[in-house]
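Each protein sequence line maps, in turn, to chains A and B.
Position 159 of the first sequence, counting from 1, maps to 159 under the numbering used here, and the rest follow consecutively.
Position 50 of the second sequence, counting from 1, maps to 1050 under the numbering used here, and the rest follow consecutively.
Built from N, CA and C at the ideal position, the CB exists for glycine as well.
These notes concern the structure reproduced below.
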Amino acid sequence: MTLELLQIYWWLIISVLGALLVFLLFVQGGQSMLLSTRNEQYRNLMVNSIGQKWELTFTTLVVFGGAFFASFPLFYSTSFGGAYWLWILILFTFVGQAVSYQYRRKRGNIYGTTFYDILLTINGCLGCFLLGVAVSMMFFGAEFKVTMGNILNPGSPVISQWAPSHGFEAIFCWKNWALGLAVVFLARMQGALYFMNNIKGDENFFKLNRRRVLVNGLVFVVLFLVFVGLLFTADGYQTVGKNSFMVVHNKYLFNYIDMWWCGLIFVSGVLLVLFGVFKSAFSTHYTKGIWWTGVGTVLVVLTLFWVAGFNDTPYYPSTTDINSSLSIYNSSSTHFTLTVMSVVSLLVPFVVAYIAYVWYKMDKKPLTPSDIEHDSHAY
Amino acid sequence: MNDLITVVDWSRWQFALTAMYHWLFVPLTIGLALIVAIMESIYVKTKNVKWLAMTKFWMLLFGINFAIGVATGIILEFEFGTNWSNYSWFVGDIFGAPLAIEGIVAFFMESTFIAVMFFGWKKVSPAFHLTATWLTAAGTALSALWILVANAWMQQPAGMEFDPEQMRNVMDNFWAIVFSDTAVAKFTHTVSSAWVLAGVFVIGVSCWFILKKRNVDMAMDSIKVASWVGGIGILVTLATGDMSAVNVAKHQPMKLAAMEGLYRGSCGQELVGLGVLNPDKKVGDDNDPYLFDIAIPYGLSFLATHNPHAFVPGIDDLIEGIELTREGDTIRTIGYAERIAIGREAHEALRAYDSARANGDDAGMEAALKDLRAAYPYFGYGYLDSPEEAVPPVALTFYAFRVMVMAGGYLLLFFAVALIGVYWRQGWLKNKVVNWVGMFSIVVVWICSQSGWITAEVGRQPWVIQDILPTRAAISEISASSVMLTFWMFAAVFTILLVAEISIMLTQIKKYSKEDITTISKS
Chain A
1 MTLELLQIYW
11 WLIISVLGAL
21 LVFLLFVQGG
31 QSMLLSTRNE
41 QYRNLMVNSI
51 GQKWELTFTT
61 LVVFGGAFFA
71 SFPLFYSTSF
81 GGAYWLWILI
91 LFTFVGQAVS
101 YQYRRKRGNI
111 YGTTFYDILL
121 TINGCLGCFL
131 LGVAVSMMFF
141 GAEFKVTMGN
151 ILNPGSPVIS
161 QWAPSHGFEA
171 IFCWKNWALG
181 LAVVFLARMQ
191 GALYFMNNIK
201 GDENFFKLNR
211 RRVLVNGLVF
221 VVLFLVFVGL
231 LFTADGYQTV
241 GKNSFMVVHN
251 KYLFNYIDMW
261 WCGLIFVSGV
271 LLVLFGVFKS
281 AFSTHYTKGI
291 WWTGVGTVLV
301 VLTLFWVAGF
311 NDTPYYPSTT
321 DINSSLSIYN
331 SSSTHFTLTV
341 MSVVSLLVPF
351 VVAYIAYVWY
361 KMDKKPLTPS
371 DIEHDSHAY
Chain B
1001 MNDLITVVDW
1011 SRWQFALTAM
1021 YHWLFVPLTI
1031 GLALIVAIME
1041 SIYVKTKNVK
1051 WLAMTKFWML
1061 LFGINFAIGV
1071 ATGIILEFEF
1081 GTNWSNYSWF
1091 VGDIFGAPLA
1101 IEGIVAFFME
1111 STFIAVMFFG
1121 WKKVSPAFHL
1131 TATWLTAAGT
1141 ALSALWILVA
1151 NAWMQQPAGM
1161 EFDPEQMRNV
1171 MDNFWAIVFS
1181 DTAVAKFTHT
1191 VSSAWVLAGV
1201 FVIGVSCWFI
1211 LKKRNVDMAM
1221 DSIKVASWVG
1231 GIGILVTLAT
1241 GDMSAVNVAK
1251 HQPMKLAAME
1261 GLYRGSCGQE
1271 LVGLGVLNPD
1281 KKVGDDNDPY
1291 LFDIAIPYGL
1301 SFLATHNPHA
1311 FVPGIDDLIE
1321 GIELTREGDT
1331 IRTIGYAERI
1341 AIGREAHEAL
1351 RAYDSARANG
1361 DDAGMEAALK
1371 DLRAAYPYFG
1381 YGYLDSPEEA
1391 VPPVALTFYA
1401 FRVMVMAGGY
1411 LLLFFAVALI
1421 GVYWRQGWLK
1431 NKVVNWVGMF
1441 SIVVVWICSQ
1451 SGWITAEVGR
1461 QPWVIQDILP
1471 TRAAISEISA
1481 SSVMLTFWMF
1491 AAVFTILLVA
1501 EISIMLTQIK
1511 KYSKEDITTI
1521 SKS
């Protein structure tokens, strides 16, 4: 394979991981509703339902980061070191999540169950929002500059320079809020849909989640429309040389038009999400909505990554120095490394297969309140 | 420049803090996963509920520990980007691959099957459950493999070349990275030491059960499994420790000199078994490096080269570029002042290459590239101001190494006693003093484990990649105050969670000690 093909292949893999991560954020969505759930039994049901999946979301995030590092190290170097506070805050929210499931109801946990539920809620709300903000920079840009020659300056050797606010400027950029908040409400909606699918034995709880699907779904749709409006009217960059770019008005709208198949997938994804939401919200007892919205979410997010990185678009535009923008062609690993990684990526279908099989085995029988009462490992 | 150094220091502190906290939990996860898998295998074979109870009890402690290991692990991965962004680009083409493979091959395996381990007892068949437990154990070891390959590459860069056009190092031989001397030794040494740590943990907790006369039968069988795992572990750890010493002598002689507090080496160099360093000793002066020492004749030469008469260079020798033949003849190698000069020539050559490329001057590029290739092995020295900067903190490396070795020797004895006790002298294990020693050994093994990493990581300073990139050139462009603030934030969060973890562990141990085997097996 040529280097260009490998770069495209690895952007596809990054897209798949990113799309799956956004779907799996239903775990965070479920967490975000914990504190507002007064009924303790419901809260425990929610935690034990998503508690069997949290590690999958967490691992997908870690692999997403690892794959980005291996395939596009200049992004890793520029974004993580630059938007320092954004990423550090994301990490903090995930640290809290990792321990909270195990510790929340264990005797001797010192700080009490509510403390861990607060940590889960913070991860559910803030974690999703900040991840949305981080991804939003792929469309609306970030304030950085890359100067390779700095490596030869012992007094100031850092090649990627960022705005002095180091990520706070991104957090407080209103444009990034649209995607950030949309991710939060998408995750909440999917969390409620997952509960409808995975928990049975309490009709009132089912109805509660049905309401949640409708409310969060509507808020999500409004926020998503705002984001799409901003995206389609945004100026983007066009690659004219490896490290040379020019401004193009409505770049992302034109990307969807140029890559018409991408636009088709985008529309299909949106329709699937809408179908899942409305079918679940207005049917008496429909439990499969998570799969419609899940597939729809994956399709939409895939196309967002594609319009961000394909069609000669730099996926990380710099608002400080246009020619420092990162594209899949100027920020990737070498042909050799991408080839090695591609061989490893042949394992991915096996990984997906065993995850799907285990998911099927574990979720074949929905969770009930009595399951928690009789399980000492229950969270 | 001062701010740069402060950022470097705080970034190092933050990474060290995260790594040390992470390493409190990871070895227990690796070792306990194996022990639990063995116990469950015995249960599946014998159908004896006692083994099911043991499996569930130790699995519970495994889960409590696993969660916090995951929490600290994600920080480590992302800190390569947040705090060491130059590093991430300069060697990302090589270093990123093992991290990604770790995620694809190991993390998904762990995270998928651990859910089956904890929640699958009634949802899958016993054989499927046992398979899930073994796959989780395999996942923890595979995870260790790839992260240790990455770490070993930083200590012994291999399978790479420098690409001047992109101003970074690129991979050219994947297998050279995976199977470097250091990678093989580091993986086997670290994983076997994790078995040791988990073995001591299980024996220590079991000793408490015996001391309290609760579930003694379960405790004795736990000691049997843990003694075998830990006993084999300590033998492999000692053997691979020897491999590590030879590798360090070959690839990081300055680290070896610091480990020994050795300034002037000799043929048939003795090994300081016990010693107190002279705090006034400076590089290049004539002060005695030790205030007190007990040495083993020929010990260091043998340890480093397996030849008791070989020459082992000290810090001053290395800085001055002195080597000796076995016959005592002096050979000049490249001293550190000269290395700094060559490193700066490499920088100049790269600068020349870059400007020739910008001007389309092919002849200039070719000439600069030739100079660069010749000088590149010392590229990292070009960032240093003086040879003394290439000397790691001697005292910390020296004492950490001794603590590790002495604790390792103690643990060999510990497992010998545990095996003899549990099979032939069961009365020993019912002795209160022995029980207290067993419990105290939990502290010893953790100190031993941490000391090993301190020796390995402090001893390789100032290099983040040996000879190629010092820590000061590997950092991100952030303010010292930002890193200082996040350091304290991480310190606070990790400590809060550690306290909770220990408290939960102790409470669960106490709770389960009071329940009978049938109740535990049904939990």
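- Task: Please go through the same chain and pick out, in chain order, the residues whose beta-carbon is closer than 7 Å to the beta-carbon of B/K1056, but skip the five residues on each side of it.
- Result: I1520, S1521, S1523
- Name, please, each residue of chain B whose Cβ falls closer than 9 Å to the Cβ of A/Q161. E1477
- Out of curiosity, what's the CA-to-CA distance linking A/F75 and A/I151? 17 Å
- Query: Comparing the C-beta of B/M1167 with each C-beta of chain A, is any distance below 7 Å?
  - Reply: yes
- In this structure, does DSSP put B/I1465 in helix, strand or coil? strand
- Item | Contacting residues, own chain, Cβ-Cβ under 6 Å from A/G167 (five flanking each side not counted) | A83, Y84, W85, L86
- Determine the direct distance from the alpha carbon of B/K1511 to that of A/Y101, and round the result to whole angstroms. 20 Å
- When the Cβ atoms of the segment 1415-1428 of chain B are set against those of the segment 1047-1061 of chain B, are three or more pairs found closer than 8 Å? no
- Message: Ignoring anything shorter than 3 residues, give me the beta strand (DSSP E) runs that lie fully in the segment 252-301 of chain A, in order along the chain.
- Response: none
- Consult DSSP for A/V340 and reduce its assignment to one of helix, strand or coil. helix
- Message: Quick test of the definition: if touching needs 3 or more C-beta pairs under 8 Å, does the segment 1080-1090 of chain B touch the segment 18-34 of chain A?
- Response: no
- Spell out the partners DSSP gives B/Y1376 in its beta bridges. Its beta-bridge partners do not exist; DSSP assigns none.
- Message: Less than 7 Å between the C-beta atoms of B/F1379 and B/G1335, yes or no?
- Response: no
- Beta-carbon proximity check, B/P1297 vs B/E1323, cutoff 7 Å: no
- Pick from B/I1005, B/P1308, B/I1074, B/D1385 that is closest to B/W1023, judged by C-alpha positions: B/I1074
- Item | Assigned secondary structure, B/V1124 (DSSP; H/G/I helix, E/B strand, else coil) | coil
- Task: Could you tell me whether any Cβ in chain A is nearer than 7 Å to the Cβ of B/Y1381?
- Result: no
- Message: Under 8 Å, with one C-beta from each stretch per pair, do the segment 1-15 of chain A and the segment 317-337 of chain A reach the 3-pair mark?
- Response: yes
- Going by beta carbon distance, what residues of the same chain come within less than 7 Å of A/D388, once the five residues before and after it are set aside? As shown, chain A starts at 1 and ends at 379. That puts residue 388 of chain A outside it, with no answer to give.
- What residue does the beta strand (DSSP E) around B/V1170 start on, and which one ends it? 1168-1171
- Item | Euclidean distance between Cα positions of B/A1337 and B/R1264 | 18 Å
- Query: Taking the alpha-carbon positions, what's the A/D375 to B/D1217 distance?
  - Reply: 25 Å
- Query: What's the C-alpha gap between B/S1476 and B/S1085?
  - Reply: 5 Å
- Starting from A/Y329, find everything on chain B with Cβ-Cβ shorter than 9 Å and list it in chain order. None at all; the shortest Cβ gap to chain B is about 12 Å.
- Proximal chain A residues relative to B/G1231, where beta-carbon distance stays under 7 Å: Those do not exist, as B/G1231 stays about 30 Å from chain A at its closest Cβ, beyond 7 Å.
- Message: In the DSSP output, which residue or residues are listed as bridge partners for B/E1323?
- Response: B/I1331
- Message: Within 10 Å of its beta-carbon, does A/E203 have 16 or more other beta-carbons around it, so buried, or fewer, so exposed?
- Response: exposed
- Neighbour flag for A/K279 against chain B, beta carbons, 7 Å: no
- On the three-state DSSP scale, how would you describe B/C1207? helix
- Please name the residue, chosen from A/Y42, A/Q31, A/L35, that lies closest to A/D371 on a Cα-to-Cα basis. A/Y42
- Can you give me the Cβ contacts of B/F980 inside the same chain, cut-off strictly under 6 Å, excluding the 5 residues immediately before and after it? As shown, chain B starts at 1001 and ends at 1523. That puts residue 980 of chain B outside it, with no answer to give.
- Proximity of B/T1190 and B/L1148 at Cβ, strictly below 7 Å: yes
- Would you please verify whether the beta carbon of B/V1170 is less than 7 Å from any beta carbon of chain A? yes
- Message: Please confirm whether B/F1107 has its beta-carbon closer than 7 Å to some beta-carbon of chain E.
- Response: Going by chain labels, chain E is absent from the structure shown, which instead holds the protein chains A and B.
- To which residues of the same chain is B/A1194 closer than 6 Å at the C-beta, ignoring the five residues directly before and after it? P1027, I1030, G1031
- Query: What span of residues does the alpha helix (DSSP H) with B/A1295 cover, start to end?
  - Reply: Run containing B/A1295: none in the alpha helix (DSSP H); it sits in the beta strand (DSSP E), 1290-1296.
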